[in-house]
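Sequential numbering of the sequence shown, starting at 4, is according to the working numbering. Even glycine gets a Cβ: it sits at the ideal position worked out from N, Cα and C. A quick write-up on the structure given underneath.
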Amino acid sequence: MSGRIGKGARTREAGGPHVTYRAVRMPSGALLPIEARLGRRVLRTIPPDSEEGRRLLERGEVEILEQRRAPRTTKPPPGWLEEEEDL
4 MSGRIGKGAR TREAGGPHVT YRAVRMPSGA LLPIEARLGR RVLRTIPPDS
54 EEGRRLLERG EVEILEQRRA PRTTKPPPGW LEEEEDL
């Protein structure tokens with residue numbers, strides 16, 4: 004072992020990026036899997052009903068996001084970009 008400190012360890016000590024947890028609560032009340040994130044990168048997901056998931060939720064370490072509307076569709080409706088022709 005070289006005794007060197009990895010880049011991640013130095014970053015944490017310097018107050019840089021750290022792992023955050025968040026989950027989405029559906030309108031039905033169901034909680035989607037907890038995402039462990041480093042910045043915008045998802046490192047892994049944790050089932051909320053697992054031992055680790057329950058522990059994170061009990062400690063208040065998970066940011067809960069509420070889904071309030073239906074997800075957007077990926078395709079625009081037919082004729083959205085077409086102009087109407089005069090007859």
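Exercise for the section: Could you give the DSSP three-state label for Leu35: helix, strand or coil? Expected result: coil
Handout entry: Cβ-based burial, Ala26 [other Cβ within 10 Å; buried from 16]
Key = buried
Exercise for the section: Can you tell me which of the three DSSP states Arg58 falls into? Expected result: helix
Practice task
Consult DSSP for Arg71 and reduce its assignment to one of helix, strand or coil.
Solution key: coil
Practice task
Go through its chain and collect everything with a Cβ distance to Thr23's Cβ below 6 Å, but skip five positions before and after it.
Solution key: Arg40
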